[in-house]
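As structure tokens, the structure follows; a few thoughts come after it.
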Amino acid sequence: MNWGSVSEFFAMGGYGLYVWGSYAVVLVLMVGEPLLARHRFRKALEQAGDVLEKDD
Amino acid sequence: MNRSIRLNMFAAPSSFYALSGFLLPWLWLIAIGFAVAGLYIGFFVAPTDATQGDSYRIIFVHVPAAWMSMILYLVMAGWAVFGWAANARLASMVARALAPTGAMFTFLALWTGALWGKPTWGTWWVWDARLTSELILLFLYLGFMALVESIDDVRRADHAGALLALVGAINVPIIYFSVKWWNTLHQGATISMTAAPKMAATMLQAMLLMTVAFWAYSFAVVFMRTRAIILERERQAQWVRDLAAKEAA
Numbered sequence: 154m155n156w157g158s159v160s161e162f163f164a165m166g167g168y169g170l171y172v173w174g175s176y177a178v179v180l181v182l183m184v185g186e187p188l189l190a191r192h193r194f195r196k197a198l199e200q201a202g203d204v205l206e207k208d209d
Numbered sequence: 017m018n019r020s021i022r023l024n025m026f027a028a029p030s031s032f033y034a035l036s037g038f039l040l041p042w043l044w045l046i047a048i049g050f051a052v053a054g055l056y057i058g059f060f061v062a063p064t065d066a067t068q069g070d071s072y073r074i075i076f077v078h079v080p081a082a083w084m085s086m087i088l089y090l091v092m093a094g095w096a097v098f099g100w101a102a103n104a105r106l107a108s109m110v111a112r113a114l115a116p117t118g119a120m121f122t123f124l125a126l127w128t129g130a131l132w133g134k135p136t137w138g139t140w141w142v143w144d145a146r147l148t149s150e151l152i153l154l155f156l157y158l159g160f161m162a163l164v165e166s167i168d169d170v171r172r173a174d175h176a177g178a179l180l181a182l183v184g185a186i187n188v189p190i191i192y193f194s195v196k197w198w199n200t201l202h203q204g205a206t207i208s209m210t211a212a213p214k215m216a217a218t219m220l221q222a223m224l225l226m227t228v229a230f231w232a233y234s235f236a237v238v239f240m241r242t243r244a245i246i247l248e249r250e251r252q253a254q255w256v257r258d259l260a261a262k263e264a265a
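Those protein sequences? They're chains A and B, same order as listed. So the first sequence is numbered by my numbering: it starts at 154 and just counts up by one. So the second sequence is numbered by my numbering: it starts at 17 and just counts up by one.
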């Protein structure tokens with residue numbers, strides 16, 4: 154175990170800004186990208202259904 | 017003969033759609049599981065670095081992101097060229113699906129690199145070979161995406177994209193060997209890192225676990241996007257109509 158307390162963990166030995174600044178952006182983008190992909194997929198599936206209705 | 021029939025089967029968008037749909041939950045499970053294990057070892061088991069302090073912990077996302085940025089480009093260029101040369105629709109769709117993920121990892125490699133460079137080198141950015149060629153990689157991804165979206169004829173757009181991807185592929189070995197070929201602030205290849213054995217072991221473990229997680233993530237998100245592109249392009253195909261009808265019911 155490297156950290157004596159929670160605040161020590163967040164301080165990252167004085168490098169908190171750099172370490173958490175990196176991980177925060179990684180988290181946002183790697184959660185955001187699959188959500189965008191899912192949105193695109195659902196929209197495509199919906200529109201495939203629209204084509205169907207026009208034909209009927 | 018038999019073998020080639022079986023392999024070709026997955027070149028049909030409908031087969032790929034079904035197979036990738038089955039694989040997706042498992043890929044997400046692997047991505048999340050390995051990320052949790054990698055982060056645990058990276059933050060709670062791997063010790064503080066003797067010279068860099070805790071700033072080095074950026075390595076657990078920086079190096080996997082940088083690897084993925086290069087690998088995904090080569091995979092993208094490979095499928096784009098195959099889709100062009102063999103007139104394979106699915107391959108071109110996969111190439112398009114790869115570009116945003118590759119661009120994202122390239123941006124993350126640059127972003128985490130800047131945040132690591134500031135405390136380590138004293139600067140966010142320097143125009144040296146490694147950083148500049150990685151920035152060019154980002155522009156190549158963005159250029160590929162802009163090019164294929166700007167041409168209305170889908171197959172012509174695929175062909176133009178393949179040409180750009182192919183020419184740009186020369187940049188990947190330049191990125192990889194830049195730290196050998198030129199004098200640069202950037203350190204050499206990570207895998208041959210010469211640190212105290214025990215430290216290298218846990219640090220390396222965390223980095224490799226994160227790399228597996230990023231691989232699984234890439235497969236998953238590229239599969240999702242490919243499935244969306246298939247539905248967008250094959251709207252008129254009978255199997256897509258059947259699928260949409262089933263979904264609407």
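All C-beta atoms in this analysis are idealised placements derived from N, C-alpha and C, irrespective of residue type, glycine included.
- The three-state secondary structure of D203 of chain A, taken from DSSP, is helix.
- In the structure shown, G177 of chain B adopts helical secondary structure according to DSSP, grouped into three states.
- Think of a sphere of 7 Å around the beta carbon of G174 of chain A: the chain B residues whose beta carbon falls inside it are L131, in chain order.
- Under DSSP, G69 of chain B forms a beta bridge with B:D65.
- In this chain, L201 of chain B is not harboured by any alpha helix (DSSP H), its DSSP state being neither H nor E.
- Looking at the backbone, the Cα of G177 of chain B and that of E186 of chain A are separated by about 22 Å.
- Annotation: D144 of chain B to I152 of chain B spans about 12 Å, alpha carbon to alpha carbon.
- For G69 of chain B, the chain A residues whose C-beta falls within less than 9 Å of its own C-beta are M165, G166, G167 and Y168, listed in chain order.
- Under the 10 Å beta carbon count, I186 of chain B is surrounded by fewer than 16 other beta carbons and is classified as exposed.
- CA-to-CA, the gap between Q221 of chain B and G58 of chain B works out to about 8 Å.
- Less than 8 Å separates the beta-carbon of I74 of chain B from that of S175 of chain A.
- Segment contact: the segment 168-175 of chain B against the segment 90-103 of chain B, three or more CB-CB distances shorter than 8 Å; contact assigned.
- If you check each beta-carbon in the segment 159-171 of chain B against every beta-carbon of chain A, none falls closer than 8 Å.
- The beta carbon of G118 of chain B sits closer than 7 Å to those of S85, L88, Y89, M92 and Y157, all from its chain and outside the five residues before and after it, given in chain order.
- Interface residue (Cβ-Cβ distance to chain A less than 8 Å): F60 of chain B is classified as such.
- Contact with chain A is found for T117 of chain B, since one of that chain's Cβ atoms lies less than 8 Å from the residue's Cβ.
- Excluding sequence positions up to five before and after A53 of chain B, its CB lies within less than 7 Å of the CB of L225, all in the same chain and listed in chain order.
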